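Structure first, then comments.
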Amino acid sequence: MKVKVVEEEILIDFTNVLSTTDIHFNPVIKKKNYLIKSFNSIPKKTTRILGVSINPYYFTCSCKDFRAKAKEFPKRDFRRMCKHLFIYLSKYHWDEMDSLTKILLEHKFWAKILNVIEIEINENTFFIGITKESIFIIYI
Ligand SMILES: [Zn+2]
Numbered sequence: 259m260k261v262k263v264v265e266e267e268i269l270i271d272f273t274n275v276l277s278t279t280d281i282h283f284n285p286v287i288k289k290k291n292y293l294i295k296s297f298n299s300i301p302k303k304t305t306r307i308l309g310v311s312i313n314p315y316y317f318t319c320s321c322k323d324f325r326a327k328a329k330e331f332p333k334r335d336f337r338r339m340c341k342h343l344f345i346y347l348s349k350y351h352w353d354e355m356d357s358l359t360k361i362l363l364e365h366k367f368w369a370k371i372l373n374v375i376e377i378e379i380n381e382n383t384f385f386i387g388i389t390k391e392s393i394f395i396i397y398i
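259 is the number of the first residue of the sequence shown in our numbering; add one for each residue after it.
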């Protein structure tokens with residue numbers, strides 16, 4: 259199987275997979291970006307950390323980095339993550355995070371990962387991460 263990104267499209271070549279099995283693949287792109295889920299256990303109030311105001315429930319921060327990313331990415335998009343939200347969520351709500359969010363947080367994705375796309379193949383969900391140098395697939 260080969261995966262590559264050409265302009266805005268992700269091309270997945272299943273040629274080798276299909277030649278060795280009779281499985282039929284019908285990949286469907288489910289989401290074109292990864293959204294941080296909301297957790298009811300996180301208080302809805304704004305709090306202060308390292309001199310800025312954050313609201314971890316609504317996934318917002320008053321810092322310059324967050325405000326710049328908020329112009330570029332939709333609400334709750336994981337690429338809006340700034341160091342303040344990262345520190346707070348990692349320190350106080352780590353156990354409540356889903357496994358993919360934890361993987362992304364552990365790898366400090368904002369420095370490397372450009373996007374994460376969700377695809378479904380035969381009722382299995384895969385996440386394709388795109389970095390400047392490579393593409394990786396996460397299957398949970
Ligand atoms: Zn921030």
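Built from N, CA and C at the ideal position, the CB exists for glycine as well. These figures come from a predicted structure and were not determined experimentally.
ask   = For Ile396, which three-state DSSP category applies?
value = If DSSP states are grouped into helix, strand and coil, Ile396 belongs with the strands.
ask   = At what residues does the alpha helix (DSSP H) containing Arg325 begin and finish?
value = 322-330
ask   = Assuming Asn284 contacts Ile379 under a Cβ cut-off of 8 Å, what Cβ separation, rounded to an integer in Å, is found between them?
value = Sure, about 7 Å apart at Cβ, within 8 Å.
query = Should Phe394 go down as buried or exposed, given a rule of 16 or more other Cβ atoms within 10 Å for buried?
reply = exposed
Lys349 (DSSP reduced to helix, strand or coil) = helix
message = With H, G and I counted as helix, E and B as strand and the rest as coil, what does DSSP make of Glu381?
response = In this structure, Glu381 counts as coil in the three-state DSSP scheme.
request  = Pull up the CB-CB distance for Leu343 and Phe317, whole angstroms please, since I reckon it's below 8 Å.
outcome  = Confirmed, Cβ separation roughly 7 Å.
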